[in-house]
Structures are given as structure tokens and as C-alpha cells.
Amino acid sequence: MLIEARKLRKYFNLGHGKQVHAVDDVSLGIGEHEVLGLVGESGSGKTTFGKTLIGLYDKSGGQVIFRDRELPRHYQTEDYKRQAGQIQMIFQDPYSSLNPRMTIQEIIAEGLLIRSGGNLSSVRDKVVYWLERVGLHSDHLSRYPHEFSGGQRQRVGIARALIVEPQLLICDEPISALDVSVQAQVVKLLAELKQSLGLAMLFIAHDLSMVRYVSDRMAVMYLGSLVEVGPADAVYFTPRHPYTRMLVSSNPQPDPLHERARTDVILSGEIPSPVNLQPGCRFAGRCPLVEPHCRQQTPVLRTVADNHQAACHLL
Amino acid sequence: MSSEIILEVTNLAVEFATYGGSVQAVRDVSFNLHKGTTLAIVGESGCGKSVTVQTLLGLIPMPPGRITAGSARLRGAELLGLSADRLNHYRGKRIGMIFQDAMSAMNPTMTIGDQIAETLIVHMGMSAAAARQEVITLLTQVQIPEPERRLRQYPFEFSGGMLQRAMIALSIACQPEVLIADEPTTALDVTIQAQILQLLESLQQSRGLSIILITHDLGVVARMAHEVAVMYAGQIVEQGSVDDIFYRSAHPYTVGLKAAMPGRSAHKSVLQEIPGSPPDLFAPPAGCGFNARCPHVMQLCTSQAPPLFGTSHQARCWLQHAAAPAQALYQQLIASVRS
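Going line by line, the protein sequences match chains E and H. Quick note on my numbering: the first sequence kicks off at 438 and runs consecutively. Quick note on my numbering: the second sequence kicks off at 1363 and runs consecutively.
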């Protein structure tokens, strides 16, 4: 494993004894050169997991092991600096994640200059290389973010992350703000970079068919806990946990015949509040197959097939 | 399918005056909405799909907007160019609208119940008490639990999915014939999206609603639509039945959109992106708007704009011309993409 979360936990205090259980004892690893897709509804804790994993949030419990070394529980500035060369992140919103007052050249070079010193002209060749690598042109160097479309800005974000040559890239909903035809451009770029650079990635998204497309393994979160993890195709085509099954079947397919033949039951209700969760299965309130003991005992992940685990009492 | 036409839009053109010049946001758009059916308008951001429907309801501020041509008739009655007073006879009453972002479309300082009652009192002349009763019935119809309690709450107390249900209740309160849904599920999770789509479908069946559904998600189109219009750079580039669009795609842009979405097949087919980005509508390119991104572009495409070819299934592409040299090749390509 390149990076491994062991019982990673992140609670947010709301005061008055209330706590949001955003990530609750999640154990999940990403191998070298592996793409792990992480899916779930909004509020399931997938972004918080990504941010806690790389130290953007302090951990409330558990450990993160990166290349056999435990990462600090609370990060100091030096920790970020050291880690930035190994782990980078690209963000959902390509508009707010680029400083509007910096040129593209300054944005892409900034991380490199902080790490290695020097000035803009000394790293210019490298900046141009990465700019072209992500499909932009060297005459874009002195332009500002507002002059670019969403897809182009996301490419700038990717170049900024990759110029320091990290081993792990955290992609937090990198395509959900983009148009369909542009989504495919960015996904193909990420897939190509993974192939050629041997990058490992955590790919957080809510579009299951796109996640299945880019991922080697897929993990599903619900209300702060991990409910299923396995090879991407296995989770997508033979989901075991009732929640994953409903998530997969709710996704409408671009195929009218398939949609007309649809007989699936629609998942009723909404994701409940993650404040002060009680023991028992998190999904019990919406599960069509719920049994009395589901409400008392918290299910643990168990192996249901090769490399495929799910947390459900009924399996 | 019923052939009764409820809404008929012909040759609509809308432009916006800006500091940089005039933007031709909608160019020569024509479509018919049939009773009890769903017409999906599909396209990427900036293609003019929202401007088209907002123009029908007089929601485009004029200026800077300007309708330069066209007409829109609801059961024969012209909608375009009506005074605000006359328009209020239609909007909210005979044509309902659902917006993408329910949180900013609802009034944050009024309770949900008051907002829905207001439209009933104004349009239907109901008393406050009768309106309240009707609100409870409506909230029940859109499956909001505990309607008596919920109608006293404010929008911020609702989840995204529940607020979208409340907006649907608001939009159908006056029993409109036409419902315009502008990206109604884009901001929602897939599980909630499935619930909302099912709700719209059942309302369509029980009330005989005709729906214009604006979306960029081909999955939602396949799930909901009877008829589809694909828009690109302010124009409809292809329209026809949902099966025409998905199984007999005739425009390279439609083919490209489909290939850009990962399918459900067990083997991962190669994802095909559409290179480049949509054209600048300040100065629409000469010829076909898609020519810069089209894999089959011909010399003709860069100089002359193609007309819509076909009758019930139409495509705005020179490849559909009987004399197009690449037509045979193109049909082969479509067949290979489909298989």
C-alpha cells in the first residue's frame, strides 16, 4: 500500500455536546499506481475523508500510513511542505481554486518555487512542459484564470499539482463542474497521466459510471462509514450492499430501451443527519431489507468475493 | 402519442446587447410540444437552452435581451411581446416553471406555505383558508411528509430534495398545462434525482402535463423524454423522438455527446471526448457552428450554414444532404459506434 487509513476518524464539534460524525473509523488503502474511486451521496463524508487523509483536517482518531511511515496527527507547516512533494490535490471548483490575481505561469510554478527556490525564469521550461502536457499552450503562460473555460482551468489545476511530481493525487470531484464533452477530456487526460507517470489517485465523485471508468477499485461511503469496497467492475455490476445496489440503479443510463424496462425500486428517504450517531447500521432507516438487529449492531466489513468487502448483516 | 400541439415555437431568435457587442444566444429555434409528453432540450452550458424557455415566459430582461424574430403560441395564443399584465395570465398559471437551484428560486423570507398560497390567491382568487387547504393537498401530492408542519417552515429548513418537491408543488398549484423544468435535478444526488424524476412522471400521467425538460444529462433524457431537441451554439442541431436521437443519431455533435459518456457495457469502450470548446457567440463562425470540433468537417461546412434536413427526425448537418460524399462512410461510422 502506498497510503493507508487505519480506522480514520473525523468528528466536528458543534458545541452543546453535539458532534458531526463525518468520517467514522474508515480503513482504506491505495496501492502504488492504483486509482481508487470513492463514491457516495453528498454528506456521506467522502470529501472529508480525502482531506483528513492528507492532513488538511486534523484527525479525530486513527492513523494514516504513507510508505510505511505514520503521518502526523496534527500537521505543522513543515509537515505540509515535506508532504507536498508526494501528495497533491485537485479541486472540484475550477473557478475558486485558482488565484484570480496570479498568472497561469505563477500558479503552476508556485509549488515548485516554494520547494526548490529559484525564480520564475529558472523554472519556465518546466512550466511550459507541464502546460503542454495537460493540453494547453505556452502562449497561455501570462494569462489570468478568468480568460479560460472551466475545462481549461481544471487542466491548469492538474498541471499545478503534477509539476512537483507527486506519487499520489487526490481528485475531489474534478469533473462535476464541467460539461459532458469536457468531462471526457479531463478524465482521459487523468487516465493518460496515470498510465505514463504511474500515479496513484483517490478519485472522489458521485457519478458512478464515470468513477467505474477511471478506477481500479471502488469504495462506497454512507453517512461517514465505508459500506463496500472492491474491484470497480465488481462493485458496479455485482454490488452487494443494499445501498450500493440502489445507488447503481438510481443512475439513469443514456439508453431509452434500458430506461423503459426499468423495474427497480427507488430508494426512499434522504441521508439522515450525521450528528451523534447511535450504534447500528447507518443505512437501516432507508434499507428495504432492514431487520431488527440491523438497528442495534453496527455491521463490519466482511469479504464477500475476491478483494470485495461489504458491511451488511444480511450478507 | 397524442398529436395535439400545446406549444408551438417557430423561428425564435434572441440576442443580448453587451459591451462586447451583441450575443446571438438563440438562433432560429423551432419546436412543438405535444399534449401529455415530455420534450427534452439537451445541450452544454451556453448553448441557449435556458434562454429559449425563459424567453417564452418573459423572464429575460429586455434590454439587454431582444427577441429579433419568431413566435411562440400556447394553444394558438401568441406569448411573445405580451405586456407583463397579459403575460401573468400565462406564467405561473398556464405554464409552470421549476428552476435548477430551488434555494435561490424561492423567497427565503416567506414560509413554504405562504409562497404556494400566494400564487393560489393571486391566480385562482382563492381565500386564504381555501388556499391553505389546497397547499396541504399539493404538498401531499409531491410526497412531502407532515405537510401541516412543513408549510410553516422556511426554505432553509428544507433539504435540497424536499425544496425541489416544494417548488414542484408551487409550479403545479394552478394546474398549468405546460411545465418547464430547467435542470430540475442537476443539484441533487442520484438517489434523490430518481425520486424527483419519478414524481414528475407520475404528475404528468395524473394531470396530463406537457413538460419541457432542460438538461445536459443524457441519462435523464433517456429516462424521461418522448421527444428530444439537441442544442448547440444557440441552434437546434438535431431533433426527433428519443429513439431517433439515441439509436439513429444523425448529427456529429449528438454522436459525440453519446460517446463522451461511459456506457454500462461490461467492457470499457474508449471514452471519446469532443475536442475543443463551443464557439464564441459574439461572432458565430461562418457555416456550421460545430465545424471547428467536428471530425467530419467538409469545406462546405466552414462557409455555408446547413439547414435542418429531414421531417420528423431532423438534423442540421450537411452530411444529411443527399449529395454529401461522406454520407455512406458516416452511416458506417454511426453503425460502428452503436454496436
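Glycine included, C-beta positions come from ideal geometry on N, C-alpha and C.
Measure the C-alpha to C-alpha separation of residue i and residue j and round it to an integer number of angstroms.
i	j	result
G1522(H)	M1465(H)	8 Å
C1536(H)	G498(E)	54 Å
E441(E)	Q525(E)	16 Å
S1407(H)	D616(E)	7 Å
D461(E)	G1625(H)	33 Å
G667(E)	F674(E)	11 Å
V463(E)	S559(E)	43 Å
V1371(H)	L1559(H)	25 Å
G522(E)	L568(E)	18 Å
V601(E)	A656(E)	28 Å
A628(E)	S1564(H)	41 Å
M1468(H)	L1670(H)	39 Å
D701(E)	K483(E)	26 Å
S1433(H)	S479(E)	42 Å
A1684(H)	A1667(H)	16 Å
E1600(H)	I612(E)	26 Å
L1401(H)	F486(E)	40 Å
A1549(H)	Q1462(H)	7 Å
T1430(H)	V1385(H)	12 Å
A1528(H)	V1415(H)	21 Å
G1383(H)	F1644(H)	7 Å
V1504(H)	S710(E)	22 Å
M683(E)	V1632(H)	26 Å
Identify every residue that forms a DSSP beta bridge with residue i.
i	result
Y659(E)	S662(E)
C399(E)	Nothing about residue 399(E) can be read from this structure; chain E reaches only from 438 to 752.
T1577(H)	V1404(H)
E1370(H)	N1394(H) and R1435(H)
D1544(H)	I1576(H)
M1459(H)	I1542(H)
L1643(H)	DSSP output for L1643(H) lists no bridge partner at all.
H458(E)	Y448(E)
M1593(H)	I1598(H)
Which residues in the same chain have their Cβ closer than 7 Å to the Cβ of residue i, if we skip the five residues on either side of it in sequence?
i	result
M1363(H)	In this prediction, M1363(H) scores a pLDDT of 48, lower than 50, which makes its location untrustworthy; the coordinate-derived value is nonetheless stated afterwards. Closer than 7 Å at Cβ, skipping near neighbours: H1396, T1399 and H1588.
R1512(H)	I1474, L1501 and I1506
R1585(H)	L1559
P1614(H)	F1652, C1656, P1657, H1658 and C1679
V685(E)	L645, Y673 and P676
Y1452(H)	L1436 and L1441
V651(E)	V472, G474, V624, L627, A628 and F640
H1578(H)	V1404, G1405 and E1406
For the alpha helix (DSSP H) containing residue i, name the first residue and the last one.
i	result
G594(E)	G587 to L599
A1528(H)	G1522 to I1534
V401(E)	No answer is possible for residue 401(E): it lies beyond the span of chain E, which begins at 438 and ends at 752.
T1417(H)	K1411 to L1418
M1465(H)	A1464 to A1467
Q1503(H)	A1490 to Q1503
Q1601(H)	Taken as a continuous stretch (DSSP letters only), Q1601(H) belongs to no alpha helix (DSSP H), being part of the beta strand (DSSP E) at Q1597 to S1603.
A747(E)	Note, A747(E): premise wrong, no alpha helix (DSSP H); beta strand (DSSP E) at H745 to A747.
Determine whether the beta carbon atoms of residue i and residue j lie at a separation below 9 Å.
i	j	result
V1404(H)	V1592(H)	yes
T735(E)	G722(E)	no
I1574(H)	I1530(H)	no
A637(E)	L475(E)	no
L1525(H)	R1435(H)	no
I1607(H)	V1590(H)	yes
L573(E)	R597(E)	no
K455(E)	V712(E)	yes
D743(E)	A669(E)	no
L451(E)	V501(E)	no
P689(E)	Q1555(H)	yes
R590(E)	Y532(E)	yes
G1443(H)	T1481(H)	no
G1458(H)	L1541(H)	yes
Within the continuous beta strand (DSSP E) that includes residue i, where are the two ends?
i	result
E441(E)	I440 to G452
S1433(H)	G1427 to L1436
Cutting at 8 Å between CB atoms, please list the residues of its own chain near residue i, excluding the five before and the five after it.
i	result
L1619(H)	V1404, L1580, V1592 and I1636
Q1634(H)	G1618, A1621 and A1622
R739(E)	Q746, A747, A748 and L752
L490(E)	I440, A442, L445, V501, I607 and L639
V1604(H)	A1402, V1583, A1584, A1587, H1588, E1589 and V1590
H583(E)	P537
Can you name, in chain order, every residue of its own chain whose Cβ lies under 6 Å from the Cβ of residue i, other than the five neighbours on each side?
i	result
H678(E)	V664, E665, A747 and C749
M438(E)	G466 and G468
V1497(H)	G1475, I1478, A1479 and L1513
G1602(H)	H1675
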